[in-house]
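The numbers in my numbering rise by one with no breaks, and the one at position 118 of the sequence shown is 146.
All residues carry an ideal CB built from backbone N, CA and C; glycine is no exception.
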Amino acid sequence: DGGEQVGGSLIPQVGDVVFARITRINPRLCNADIVCVNGKAVEDKFSGVIRTQDVRATEADKVDIFDSFLPSDIVRAKVISLGDTRSYYLSTAENELGVVQAKSPFTGEPMVPVSWQEMMCPSTQQRQKRKVAKVV
29 DGGEQVGGSL IPQVGDVVFA RITRINPRLC NADIVCVNGK AVEDKFSGVI
79 RTQDVRATEA DKVDIFDSFL PSDIVRAKVI SLGDTRSYYL STAENELGVV
129 QAKSPFTGEP MVPVSWQEMM CPSTQQRQKR KVAKVV
């Protein structure tokens, strides 16, 4: 079940699986807003950070974060540690973790995963690199 209730609010805990919306990206990390903890929507705003070394399990030193996520992507991630106030370190370094929803930059429609590292716009057939979550 996970997630701790504090005064009626759901607080993410280490080990919880969260859904988060990517908000900003720089070469070392990306920022995200946690929207869901263990399948339950959060009322309060929590921030998450995914560092390049936490994007994937293999070749973590070769990760290009711009080939992994883009702003507005929804990712499934795991809470790996508590950062500073109301911020959490997140990891997508498991097959089931990563981008679960991305909008096509060409048409705005949902893209479809074509491999663990690419998603495609269904209308234009244009592909974009992503760290795609394996469908569970």
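Per DSSP, the bridge partner or partners of residue i
| i | result |
| --- | --- |
| Gln129 | Ile102 |
Distance between residue j and residue i (C-alpha atoms, nearest Å)
| i | j | result |
| --- | --- | --- |
| Thr120 | Arg84 | 6 Å |
| Glu122 | Gln156 | 20 Å |
| Gly126 | Tyr117 | 14 Å |
| Arg49 | Arg114 | 16 Å |
| Gly76 | Pro55 | 16 Å |
Residue i, DSSP secondary structure in three states
| i | result |
| --- | --- |
| Phe94 | helix |
| Asp61 | strand |
| Asp82 | helix |
| Ala88 | helix |
| Pro141 | strand |
Residue i versus the options, residue with shortest Cα-Cα distance
| i | options | result |
| --- | --- | --- |
| Arg158 | Leu110, Gln41, Val128 | Val128 |
First through last residue of the beta strand (DSSP E) which encompasses residue i
| i | result |
| --- | --- |
| Arg49 | 45–53 |
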